[in-house]
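Quick note: to get this note's numbering, add 4 to the position in the sequence shown (first position is 1).
Notes to accompany the following structure.
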Amino acid sequence: MPSRAMLHTGRTLFHLEREGQEIPDAHITLGECLRRSGYTACGIGKWHNGRRAYARSFNCGAEIFLCGMGDHWNVPAYAFDPAGQYDGRCPYVPDPFHSNRLEFRDCDHITAGKHSTDLFVDAAIRFLQTDDGARPFFLYVSLMAPHDPRTMPEKFRKMYDPARIELPANFAAEHAIDTGALRVRDELLADFPRRPDEIRRHLAEYYAMISHLDDAFGRLMSALRSGGRRDQTIIVFSSDNGLAVGQHGLMGKQSLYEHSVRVPLVFAGPGIPRGERRDQMVYLLDIFPTLCDLAGLAPPESVEGRSLRPCFRDPSAEIRSALYLAYGASIRGISDRRYKLIEYAGGAAQLFDRQSDPWEMHNLAAGAGARAILADRRQKLAAMAAEWDDRDYPWPTRAGPRAGSSGRSVRI
Numbered sequence: 005m006p007s008r009a010m011l012h013t014g015r016t017l018f019h020l021e022r023e024g025q026e027i028p029d030a031h032i033t034l035g036e037c038l039r040r041s042g043y044t045a046c047g048i049g050k051w052h053n054g055r056r057a058y059a060r061s062f063n064c065g066a067e068i069f070l071c072g073m074g075d076h077w078n079v080p081a082y083a084f085d086p087a088g089q090y091d092g093r094c095p096y097v098p099d100p101f102h103s104n105r106l107e108f109r110d111c112d113h114i115t116a117g118k119h120s121t122d123l124f125v126d127a128a129i130r131f132l133q134t135d136d137g138a139r140p141f142f143l144y145v146s147l148m149a150p151h152d153p154r155t156m157p158e159k160f161r162k163m164y165d166p167a168r169i170e171l172p173a174n175f176a177a178e179h180a181i182d183t184g185a186l187r188v189r190d191e192l193l194a195d196f197p198r199r200p201d202e203i204r205r206h207l208a209e210y211y212a213m214i215s216h217l218d219d220a221f222g223r224l225m226s227a228l229r230s231g232g233r234r235d236q237t238i239i240v241f242s243s244d245n246g247l248a249v250g251q252h253g254l255m256g257k258q259s260l261y262e263h264s265v266r267v268p269l270v271f272a273g274p275g276i277p278r279g280e281r282r283d284q285m286v287y288l289l290d291i292f293p294t295l296c297d298l299a300g301l302a303p304p305e306s307v308e309g310r311s312l313r314p315c316f317r318d319p320s321a322e323i324r325s326a327l328y329l330a331y332g333a334s335i336r337g338i339s340d341r342r343y344k345l346i347e348y349a350g351g352a353a354q355l356f357d358r359q360s361d362p363w364e365m366h367n368l369a370a371g372a373g374a375r376a377i378l379a380d381r382r383q384k385l386a387a388m389a390a391e392w393d394d395r396d397y398p399w400p401t402r403a404g405p406r407a408g409s410s411g412r413s414v415r416i
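Right, here's the structure in full:
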């Protein structure tokens, strides 16, 4: 939810409203900005940041899913409502954690028997086929996959034999440090301690869902190409946080390891180099000003991200020297090109050399040789916390939280 709010507003983590359940009117969204500039803005699929924010962001849409997760084969979704009401109700079955219970969620229809990936991509293809091209378009397609419950068409499940899946190098039976989030959400999807056979099954299902997603994305690109608009369209492919699925003894994304905070980001289209990679340190919130820059638009004053266009032109252009990382009220970190420091509210710390230890398996924090590096990164972490208005760090003392502490649970 926070990462999506950051993407749509271009705002930093602690300048959102709470965790992004709603986007206030003062925070202009990407869709809203483009609508004001004459674009047709179409929103399809998962929207996790409030109904009012969706309504003002898009002037058309389909299969609108206003929840965080659900049964991929029975998606409770809205048709587009020009009035922005979205107040229908219908039964939703099942709750994946309490499958013996019916729940009722707001929506106005359920398309049963069609996987969410195909449901959303088919709706996007219909938009491309029916849009008259009178105005430029902004098409936001947000898939539920590969979020659990991990189900997919049989064709893709058969692509991966769990017995042949290789475990990641940093697989562990249990996490060595109390993160403050070891028994939440995704962590409960596999037994403790983690068993190699169970992790292989989860990985096979995860890969199958991603392959299904990839196949559907290919269909969407084919539709764009067949409509003759591929070369005039800027395409951005990304995701929110990734899953551990056995790495470091974890299952979910409630950590600051690379497998969860480093996400794909692909740009293609006019003004973007073909077949090249960049290694600059960026955030999802930089997508908003980058698209404005590419489209020749001034970003709204509420946007705090930075355009990535300079590094398209110059591979050595520096966008940022370090990234500030946060999960809930229990984990903080700072990552630069060489080192990553992770601190836990319980008192533990980890220091990784990102160049020699990309799997983050060797904690340097306790070594005498890293004391100077550790002290330097801790100083920079505190400075970035102040810069970001993170009122939950430094950690509260036993006397109570720091004055003005929000006490909220947020993550990027």
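Heads up, the beta-carbon is just placed ideally off N, CA and C, and yes, glycines get one too.
(request) Could you give the DSSP three-state label for SER215: helix, strand or coil? (result) helix
(message) If I measure Cβ to Cβ from PHE124 and keep anything under 7 Å in the same chain, skipping five residues before and after, which residues do I get?
(response) ILE48, GLY49, GLU67, VAL145 and LEU147
(request) Just mark HIS52 as buried or exposed, buried being the case when its beta carbon has 16 or more other beta carbons within 10 Å. (result) buried
(message) Determine whether the beta carbon atoms of TYR329 and TYR343 lie at a separation below 8 Å.
(response) For the sequence presented, residue 329 should be read as Leu rather than Tyr. It is not a contact, given that the beta carbons lie outside the stated cut-off.
(request) With a threshold of 16 other CB atoms inside 10 Å of the CB of PRO293, please say whether the residue is buried or exposed. (result) buried
(message) For a test of the three-state rule: what should DSSP assign to LEU106, helix, strand or coil?
(response) Because LEU106 sits at a pLDDT of 40, beneath the cut-off of 50, its placement in the model cannot be relied upon, and the point is left open.
(request) Work out the CA separation of LEU368 and ASP122 for me, nearest whole Å. (result) 45 Å
(message) By the DSSP assignment, the alpha helix (DSSP H) with THR134 in it spans what residues?
(response) 120 to 134
(message) As a quick exercise: from ASN245, SER226 and ARG198, pick the residue whose alpha carbon is nearest that of ALA149.
(response) ASN245
(request) Report yes if the CB atom of HIS151 is closer than 8 Å to the CB atom of MET255, and no otherwise. (result) no
(message) So, with DSSP's three-state summary, where would you put ALA59?
(response) helix
(request) May I have the straight-line CA-CA distance separating GLU308 from GLU202, to the nearest angstrom? (result) 42 Å
(message) Measuring straight from C-alpha to C-alpha, what distance separates ALA376 and TYR287?
(response) 28 Å
(request) Kindly indicate which residue of PRO6, ALA194 and LEU301 has the alpha-carbon position closest to the one of GLY24. (result) PRO6
(request) Could you pull out every residue in the same chain whose Cβ sits closer than 7 Å to the Cβ of LEU186, ignoring the five residues on either side in sequence? (result) HIS179
(message) As an exercise, report each continuous beta strand (DSSP E) stretch of at least 3 residues that is fully enclosed by the stretch 20 to 64, in chain order.
(response) 44 to 50
(request) Leaving out five residues on either side along the sequence, give the residues of the same chain with a beta carbon under 6 Å from the beta carbon of GLY275. (result) LEU298
(message) Does the contact criterion of 3 or more C-beta pairs under 8 Å hold for the stretch 156 to 171 versus the stretch 317 to 328?
(response) no
(request) Could you name each continuous alpha helix (DSSP H) segment of 4 residues or more that falls completely within the stretch 184 to 247, going from the start of the chain to the end? (result) 200 to 230
(request) Under 8 Å by Cβ, that's how I've got THR13 and SER306 pegged, so tell me the actual separation to the nearest angstrom. (result) 7 Å
(message) On a Cα-Cα basis, can you pick out the residue from ILE181, LEU269, MET213 and ASP135 that is closest to ALA227?
(response) ASP135
(request) Counting only the same chain and skipping the five closest in sequence on each side, list residues whose C-beta sits under 7 Å from that of ALA370. (result) none
(request) Compute the distance between the beta-carbons of ALA128 and LEU143, then report whether it is under 8 Å. (result) yes
(request) Taking 8 Å as the cut-off, decide whether the C-beta atoms of CYS37 and PRO304 are in contact. (result) yes
(message) With a threshold of 6 Å on Cβ separation, who are the neighbours of GLN251 within its own chain once the five nearest residues in sequence on each side are excluded?
(response) PRO172, ASN174 and HIS263
(request) Could you give the DSSP three-state label for ARG402: helix, strand or coil? (result) In this prediction, ARG402 has a pLDDT of 36, which is less than 50 and means its spatial position is unreliable; what the coordinates show is noted afterwards. Coil, per DSSP.
(request) Following the continuous alpha helix (DSSP H) through PHE160, name the residue where it begins and the one where it ends. (result) 158 to 161
(request) Name the two residues that bound the continuous alpha helix (DSSP H) containing LYS384. (result) 375 to 391
(message) Taking a contact to mean a Cβ-Cβ separation below 8 Å, would you say SER61 touches GLY42 in this structure?
(response) no
(request) Would you verify that the beta carbon of PRO28 is, or is not, closer than 8 Å to some beta carbon of chain C? (result) Structure shown: chain C not included; a single protein chain is present.
(message) Can you check which of these residues, ILE238, HIS216, TYR211 and LEU224, is closest to LEU247 by C-alpha distance?
(response) TYR211
(message) When you compare the CB positions of THR237 and GLY184, do they come within less than 8 Å of one another, or not?
(response) no
(message) One question on the structure: do PRO153 and HIS76 come within less than 8 Å of each other, judged by their Cβ atoms?
(response) yes
(message) Relative to the C-alpha of GLY88, which candidate in ARG56, MET365 and PRO80 has its C-alpha closest?
(response) ARG56
(request) Specify the secondary structure class of ASP290 as computed by DSSP and reduced to three states. (result) helix
(request) Please state whether DSSP places PHE356 in a helix, a strand or coil. (result) strand
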